[in-house]
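Here is the structure we will look at.
There are 2 protein chains.
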Amino acid sequence: MPERGDGAGAPSFSPLYRQIKGLIITRLQAGEWKAGESIPSEMELAQRFGVSQGTVRKAVDELAAENLLVRRQGKGTFVATHAEQQQQYRFLRLMPDEGQEAGLGRQLLDCRRQRAPAWIAKALQMRSGDAMVEVRRLLHSKGRPVVLDDIWLPGQLFKGLTTERLNQHRGPFYGLFETEFGVQMIRAQEKIRAVLADAETAALLQVEIGAPLLSVERLSFTYGDKPVELRRGLYNTSTHFYRNDLN
Amino acid sequence: MPERGDGAGAPSFSPLYRQIKGLIITRLQAGEWKAGESIPSEMELAQRFGVSQGTVRKAVDELAAENLLVRRQGKGTFVATHAEQQQQYRFLRLMPDEGQEAGLGRQLLDCRRQRAPAWIAKALQMRSGDAMVEVRRLLHSKGRPVVLDDIWLPGQLFKGLTTERLNQHRGPFYGLFETEFGVQMIRAQEKIRAVLADAETAALLQVEIGAPLLSVERLSFTYGDKPVELRRGLYNTSTHFYRNDLN
DNA sequence: GAGTGGTCTAGACCACCAC
DNA sequence: TGGTGGTCTAGACCACTCA
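Taken in sequence, the protein lines are chains F and V. Heads up: the first sequence begins at 1 in full-length UniProt numbering, then just goes up one per residue. Heads up: the second sequence begins at 1 in full-length UniProt numbering, then just goes up one per residue.
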């Protein structure tokens, strides 16, 4: 029974498998296993934690259901990543009216370091005036601009983030955040509204002033429910729509 | 080993627990256990199907994860329903900017039987011109109209649906559909866009003509992935927003 | 063939609920 | 007190991957 007990003063009047789940999350958070890597086998974890394989299995089942881990039969269990082809744009629910999305074009418009205004600081649990990185970019579909994103990140976590760094990178931002800054986005909340295009937005998205746009405000979280990105997307929904599945 | 085998010609090169899951869904579909009722205990189902309790448990786990069943420790497992207080508006993602939703007011505007136009018939997998029920209603929050819903239903399934019937009923439509017509909505797909209010809509929602509105087109399904409701909601998002959680 | 996750079983005990 | 779902275990075997 190598390591069990109530290490780190966990509250834990919870079933064993939830405590194991907590221990695994702690290790993920500590970076013991990085995005895309495999974690130890169920048998090994069971021995390490001093429980049966079935208990580890149930813990891993929940983590897989929450998309923190990915199981691959015959190969192992892996830390989820946004960097893989298959998992790209995991959080983007935009679909074209006709056919499948061929792959979006990215156009970086701006990247600068600022002091956080109150409303952004509040969302990101920082203090007003703290360092913040602000990014603006467009997404194109078949050569036409469809999404205008404003992205705000805590300056503390993203120290070397520059325009060059963003331009060098291929693939979605979330892949870069993982590999370069060790920040993994594991869940997000979106607030969606309908708004009208102002002059600046209209020019960038090539629509009329006053055209209807979908405003998608996304707050993304890493381990421990810590908010690490605020993003406001304006979607032109004349040839695309936001898809959501309910159950 | 009372009933097992490959009854009903299921394709089934799938694990046992998935076959059991299929059998349970078949019985739900047949109305053997109605919405809100309890299904037999795991032990009894295990005996009935000739498998171990653990296998039934895994089947029920999946059905509970998909919100078809609800487990209640010490009491039993129940068929999910939209009629309970707690589960009302399960599919409505609208949230007020401030505080919790106090409870929405309903105002029925219209209910008539029509022949289905092509685009509705296609979505509901009917033939163009088939009988269809069309309902229009408003939802109010704190006395102000917030949602204008147009709802289309297959006439075949909703034979006695009239204005009086809808007005008599307390609670969401989905509760009425279950108890009066035996139709359970178990999942839905939504397509969301930003649009501008036309004159008629603007008057009903008490906004300016050309105000931005969220258009939420929802296709709801019952057992067997059969579409049974098409709905187009126009949401005024000036004091509310559409909330979505991603993971 | 060795190692991984996936399935299935059987049995023990716990937590919760109703009578 | 008895019945329900919830947890935990131990062991057997299957399906998949890779060297």
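Glycine included, every Cβ here is placed at the ideal spot set by N, Cα and C.
Distance CB(residue i)-CB(residue j) smaller than 8 Å
| i | j | result |
| --- | --- | --- |
| V:L219 | V:A188 | yes |
| F:G224 | F:Q53 | no |
| V:F46 | V:V60 | According to the sequence as given, residue 46 of chain V is Ala; it is not Phe. The answer is no: Cβ separation not under 8 Å. |
| F:V135 | F:Y235 | no |
| F:A199 | F:I209 | yes |
| F:L161 | F:L148 | no |
| V:A118 | V:M132 | no |
| F:L214 | F:T237 | yes |
| F:D97 | F:H240 | yes |
| F:G171 | F:Q88 | yes |
| V:V216 | V:I192 | yes |
| F:Y242 | F:L94 | yes |
Cβ distance (whole Å) where residue i is taken to contact residue j below 8 Å
| i | j | result |
| --- | --- | --- |
| V:P212 | V:F221 | Incorrect: roughly 29 Å between the Cβ atoms, too far for contact. |
| V:V51 | V:L16 | 6 Å |
| V:A65 | V:Q184 | The pair is not a contact, with the Cβ atoms about 17 Å apart (cut-off 8 Å). |
Nearest to residue i (by Cα), restricted to the options the options
| i | options | result |
| --- | --- | --- |
| F:A80 | F:F158, F:N67, F:R90, F:L92 | F:N67 |
| F:S141 | F:T179, F:F177, F:A46, F:L205 | F:L205 |
| F:A123 | F:W152, F:P96, F:V146, F:G99 | F:W152 |
| F:F78 | F:Y235, F:E190, F:E32 | F:E32 |
| F:A83 | F:F177, F:L148, F:G22 | F:F177 |
| F:F158 | F:S14, F:Q114, F:G99 | F:Q114 |
| F:S38 | F:L92, F:R72, F:T163 | F:R72 |
| F:E44 | F:I24, F:K34, F:G36, F:A35 | F:I24 |
| F:F173 | F:L246, F:R144, F:R90 | F:R90 |
| F:A202 | F:I192, F:R144, F:R231 | F:R144 |
| F:L92 | F:E190, F:N247, F:L246, F:V207 | F:E190 |
| F:H22 | F:E42, F:S41, F:P40, F:E62 | According to the sequence as given, residue 22 of chain F is Gly; it is not His. Checked all of F:E42, F:S41, F:P40, F:E62; the closest Cα to F:G22 is F:E62. |
| V:R112 | V:T26, V:K75, V:Q125, V:P154 | V:P154 |
| F:A121 | F:H169, F:G175, F:Q156 | F:Q156 |
| F:G233 | F:G105, F:H169, F:D150 | F:D150 |
| V:Q107 | V:E42, V:G76, V:V207, V:H169 | V:H169 |
| V:G76 | V:Q125, V:S128, V:T26, V:P40 | V:P40 |
| V:G74 | V:Q125, V:E42, V:M126, V:T26 | V:E42 |
Counted within 10 angstroms of its Cβ, other Cβ atoms place residue i as buried (16 or more) or exposed
| i | result |
| --- | --- |
| residue 258 of chain F | What the structure shows of chain F is the stretch from 1 to 247, and residue 258 of chain F is not part of that stretch, so it cannot be assessed. |
| V:N244 | buried |
| V:E229 | buried |
| F:L109 | exposed |
| V:R165 | exposed |
| F:Q19 | buried |
| V:R231 | buried |
| V:G175 | buried |
| F:A102 | exposed |
Next item on the list: Only counting runs of 4 or more residues, tell me where the alpha helix (DSSP H) segments fall wholly within the region 122-195 of chain F, in order along the chain.
Entry: 163-168, 173-181
Note to self: What ranges does the beta strand (DSSP E) occupy inside the UniProt domain "HTH gntR-type" (14-82) of chain F, keeping only unbroken runs of at least 3 residues that lie completely in it?
What the structure shows: 69-72, 76-79
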